[in-house]
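Sequence order for the protein chains is C and D.
Read in order, the letters of the first sequence are residues 1 to 195 in our numbering.
Read in order, the letters of the second sequence are residues 1001 to 1375 in our numbering.
Where is the CB? At the ideal position from N, CA and C, for every residue including glycine.
Owing to the predicted nature of the structure, the values given are computational and were not obtained by experimental measurement.
So the structure is just underneath, and the comments pick up after that.
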Amino acid sequence: MAYRYDYEVITQWIEPGEKVLDLGCGDGSLLRHLIEVRQVQGYGIENDPDKLVTCIESGVNVLQMDLEKGLAGLEDGFFDHVIMSLSLQAIHNTQGILAEMLRVGREAVVSFPNFAYWRHRQAILNGRMPVSENLPHQWFNTPNVRFFTIADFDALCELNGIAVHERLAFDEGKLVLDEPNFLASVAVYRLGRRA
Amino acid sequence: MIQPQSVGAVVAQRAHFTEPLALKSGGTLPEYELVYETYGTLNAARSNAVLVCHALSGSHHVAGYYADEPDNIGWWDNLVGPGKPLDTHRFFVVGVNNLGGCHGSTGPKSANPATGRRWGADFPFVTVEDWVTAQARLADRLGIERFAAVVGGSLGGMQALAWSLHYPKRIGHAIAIAAAPRLTAQNIAFNEVARQAILTDPDFHGGHFYEHGVVPARGLKLARMLGHITYLSDDSMAEKFGRSLRHGRAVYSYDVEFEIESYLRYQGDKFAAHFDANTYLLTTKALDYFDPAFEYGGNLAAAFARATADFLIVSFTTDWRFAPARSREMVNALLHNQRNVSYAEIDCAAGHDSFLLDETHYHAVLRGYFNRMGV
């Protein structure tokens, strides 16, 4: 399993035995990790046939669904945590999926690459679209469809009445406390419905 | 990887049961026979058995061929065999012809011990639950306390669901492919038209046509033609047949002109030549009656509360008979109960019949699931 430091943050926020839904679960590695260390009842959602098969082969519960169509059929408030790890930028229906995550989950956990990371800014200043550890694709083949920053996401949460319970920002695995929108390459949020 | 192979020549076996079987319809079968086939070897722990349930027209002949009929290949031969997704190197696979069938198990063609005549239309109504009970008795006979998995497509998938509900301790995994938790009014409507085609055939004779030396072949043919339309998708029909004309142009006749007409007539004739009309009637009714949520006020999640198996649910994008939405109903009900469940929605153009094909993604899902399964 490739080490993903956002997994460690996410794991800290999950209590043992929780019901967890992982959107865009890929090969199921986060869920396997959470099952191992938190004994969660976990389900992944994945629409890529090959990744789906990888999950099935590894014994991870996985449901083939198109996230662009939301989470129709899943019950309100059923999951303790609904996670989307480094996938939000690859979905068109940003507001829709955030609303759905907070509909079916008590809390949502979202991580995404920060487009305003200083190296990305530097790339743009140099006239080129950024390519980095967290934005590894070229502009012409990226699966990402939404490019946004920590500041943008904060504003969206404010606009949509989403409560930010916690936000951690990282620069290649190291916690960033100051100027995260400039110094952090990835942010991980714990979100809830505003009371 | 070893090249997948056929299980080779197989021999059907028979099991006779003298303990009466009380049926859901209220009737009783005083005694009965089940014809079945097995592939692979039951391990010492008796933990590697997989039951394959058949749909409307299937049988116990799931894989392999008969030595004297090399062209009579099992209906799910692409799935079951050495090196195939349901690998007979690992699993002991059981196929059984359901009660009321016409491939050797006790059914309307069999003699009614009370009268000495063939049962015909007097054969009692059998349900999915009755089939599962009979299958469980066969499992007892074979020394199988618990199936590693029960798998089926369409009506076979419903039997897998019924297993998970009626014998939760006797099944590790339920695999329901192209299935539905209950039929819709539209599904029942198609079945009813098919039944009316048979029931109104002058050769039906109230179901006792055997004594008249005839079969209601016209009705059965129509029923099958209608069924076939629902098994295929608009796209697959368009691709296979389109508007192709046998003579290249309209000849203004009711004989076969469009290739789709030729196909449906061929399928209908082929089916009517070997399938029993009473079995067709009984089986479509078993489909119609299947509704595990009924006794829970229609609440499928409540019905699944007693299930303990792990589930794999598979649907096909172009299946309009049992559309993906029907499979998602099951997935949601299983999620509600926090069952382990995976769901694959296979992009395949062939409609309901996709479950019989070896589409790459579909078979990769099944192979992955079976490989992962502990025995």
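Over the uninterrupted alpha helix (DSSP H) stretch that includes residue i, give me the two end residues.
| i | result |
| --- | --- |
| D:Gly-1156 | 1155-1166 |
| D:Ala-1016 | Before going on, a small fix: residue 1016 of chain D reads as His here, not Ala. It is not in any alpha helix (DSSP H) - D:His-1016 instead sits in the beta strand (DSSP E) that spans 1013-1017. |
| D:Gln-1186 | 1185-1199 |
| D:Leu-1300 | 1300-1303 |
| D:Asn-1112 | Here D:Asn-1112 belongs to no alpha helix (DSSP H), and DSSP marks it neither H nor E. |
| D:Tyr-943 | Because chain D spans 1001 through 1375 in this model, residue 943 of chain D falls outside it and cannot be assessed. |
| D:Ala-1009 | Per DSSP, D:Ala-1009 belongs to no alpha helix (DSSP H) and is neither H nor E. |
| D:Ser-1354 | Looking at the DSSP string, D:Ser-1354 is not in any alpha helix (DSSP H), and its letter there is neither H nor E. |
| D:Ala-1223 | 1217-1231 |
| C:Asp-6 | 5-12 |
| C:Glu-75 | Taken as a continuous stretch (DSSP letters only), C:Glu-75 belongs to no alpha helix (DSSP H), as it is neither H nor E. |
| D:Met-1373 | Note, D:Met-1373: premise wrong, no alpha helix (DSSP H); not H, not E. |
| D:Glu-1329 | 1324-1336 |
| C:Pro-180 | 180-183 |
Are residue i and residue j closer than 9 Å when you measure CB to CB?
| i | j | result |
| --- | --- | --- |
| D:His-1336 | D:Phe-1311 | no |
| D:Val-1132 | D:Val-1093 | no |
| C:Asp-80 | C:Val-20 | yes |
| D:Gly-1219 | D:Asp-1201 | yes |
| C:Leu-191 | C:Ile-162 | yes |
| D:Ala-1160 | D:Asn-1048 | no |
| D:Gly-1120 | D:Tyr-1210 | yes |
| D:Asp-1358 | D:Leu-1079 | yes |
| C:Phe-147 | C:Phe-115 | yes |
| D:Ala-1174 | D:Ser-1154 | no |
| D:Ala-1012 | D:Gly-1104 | yes |
| C:Thr-54 | C:Val-37 | no |
| D:Lys-1024 | D:Tyr-1296 | no |
| D:Val-1331 | C:Gly-105 | no |
| D:Gly-1081 | D:Thr-1088 | yes |
| D:Cys-1053 | D:Gly-1152 | yes |
| D:Asn-1112 | D:Gln-1135 | no |
| C:Val-60 | C:Leu-168 | no |
| D:Leu-1056 | D:Thr-1284 | yes |
| D:Leu-1287 | D:Asp-1130 | no |
| C:Pro-63 | D:Tyr-1343 | The question names Pro, but residue 63 of chain C in the sequence shown is Leu. Against a cut-off of 9 Å, the Cβ pair of D:Tyr-1343 and C:Leu-63 comes out as a contact. |
| C:Ser-132 | C:Arg-121 | no |
| C:Tyr-189 | C:Phe-153 | yes |
Spell out the partners DSSP gives residue i in its beta bridges.
| i | result |
| --- | --- |
| D:Glu-1211 | According to DSSP, which records beta bridges pairwise, D:Glu-1211 is partnered with nothing at all. |
| D:Leu-1051 | D:Val-1094, D:Val-1150 |
| D:His-1173 | D:Ala-1149, D:Asp-1310 |
| D:Leu-941 | Because chain D in this structure spans residues 1001 to 1375, residue 941 of chain D falls outside the shown range and cannot be described. |
| D:Gly-1081 | D:Asp-1087 |
| D:Phe-1258 | D:Leu-1245 |
| D:Glu-1069 | D:Tyr-1066 |
| D:Leu-1021 | D:Leu-1029 |
| C:Leu-175 | C:Phe-170 |
| C:His-81 | C:Val-20, C:Glu-107 |
| D:Val-1341 | D:Phe-1311 |
| D:Phe-1316 | D:Ile-1346 |
| D:Tyr-1039 | D:Val-1093 |
What is the residue span of the beta strand (DSSP E) that residue i lies within?
| i | result |
| --- | --- |
| D:Cys-1348 | From DSSP, D:Cys-1348 is part of no beta strand (DSSP E); its letter is neither H nor E. |
| D:Phe-1241 | D:Phe-1241 -> no beta strand (DSSP E), and no H or E assigned at all. |
| D:Glu-1129 | From DSSP, D:Glu-1129 is part of no beta strand (DSSP E) but of the alpha helix (DSSP H) over 1128-1141. |
| C:Leu-191 | 186-193 |
With residue i and residue j assumed to form a contact (beta carbons below 8 Å), what rounded beta-carbon distance in angstroms separates them?
| i | j | result |
| --- | --- | --- |
| D:Glu-1037 | D:Arg-1014 | Not confirmed; about 11 Å, so no contact. |
| D:Val-1381 | D:Asp-1234 | Any question about residue 1381 of chain D goes unanswered here, given that chain D covers just 1001 to 1375. |
| C:Phe-170 | C:Tyr-5 | 6 Å |
| D:Trp-1320 | D:Gly-1351 | 7 Å |
| D:Thr-1279 | D:Gly-1107 | 6 Å |
| C:Ile-150 | C:Ala-184 | 7 Å |
| D:Leu-952 | D:Phe-1125 | Absent from the structure is residue 952 of chain D, since the part of chain D shown begins at 1001 and ends at 1375. |
| C:Gly-42 | C:Leu-34 | 6 Å |
| D:His-1228 | D:Gln-1267 | 5 Å |
| D:Ser-1164 | D:Ala-1307 | 4 Å |
| D:Leu-1232 | D:Asp-1353 | 6 Å |
| C:Glu-46 | D:Arg-1372 | Going by Cβ atoms, the distance from C:Glu-46 to D:Arg-1372 rounds to 16 Å, so no, they are not a contact pair. |
Could you check whether the Cβ of residue i sits closer than 9 Å to any Cβ belonging to chain B?
| i | result |
| --- | --- |
| D:Gly-1368 | Looking at the structure shown, chain B is missing, and the protein chains on hand are C and D. |
Which residue spans inside the stretch 16-72 of chain C form an unbroken alpha helix (DSSP H) run of at least 4? 29-38, 49-57
Secondary structure, alpha helix (DSSP H): runs of 4+ residues fully inside the stretch 86-173 of chain C: 94-104, 118-125, 150-159
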